[in-house]
Structure formats: C-alpha cells, structure tokens
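Reading through the structure tokens given below for one structure.
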Amino acid sequence: MVINSPSSIAGSYEVLIAGFGPQIPLTPITTDFALVNDNTAPDNNDGCDAIINSVDITGKIAIVNRGNCTFVNKVQAIQDAGAIAVI
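Just so we're aligned: the sequence shown equals residues 1252 to 1338 in this note's numbering.
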C-alpha cells in the first residue's frame, strides 16, 4: 500500500489480505481514507455497533479500531455501509 498524503504518514506499507470475504483486486486502489464512526462508547471508532457515517466512508478505504467484536462482523458492517476496503 502506498499512502501519498498527508506527508507525515506518506510512504509504502506492507498489507495482508483477509482470510474471509471477497479478494480485493490486484490493481492499485486509489481513494481516500475515512474513519469509521459508530458513536458508541467506549470506542466510537471500533465499528462494533451500527455505523453512523456511511456517507463519509462510501467509496473509501475505512479505518477502524480493533474493538471487542469479530473482524468478520465489523468488516461486513463497514462493507454494507459502502467502504471498498478496511484497515
């Protein structure tokens, strides 16, 4: 993965493909990141509850915190909310 901006995090990063769900294309994805928001404590950004900012993440790569729910459930919810990939 290559991050172009902001310059403070720009660079190449190693990524792993999930062991579940559809595979992402091998061609580069060029889009913005967006932070997932479920507006539920203790972590508003863990994606363990209903996603409230689908408009913000649609067509983007969603960033989500670990939280206490399964990756499969959170990634499915984020995909259903419109994201094209999840980190």
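By construction, the Cβ of each residue, glycine as well, lies at the ideal position given by its N, Cα and C atoms.
Computed from a predicted structure; not experimentally measured.
Closest in C-alpha terms to Ile1338, from the list Pro1276, Ser1258 and Ala1285, comes Ala1285. Here the C-alpha atom of Ile1308 lies approximately 21 Å from the C-alpha atom of Thr1278.
For Pro1293, the closest C-alpha among the options Gln1274, Arg1317, Ile1312 and Pro1273 is that of Arg1317. Its chain contains Val1253 and Ile1254 as the residues whose beta carbon lies nearer than 8 Å to that of Gly1262, once the 5 sequence neighbours on both sides are disregarded; these appear in chain order.
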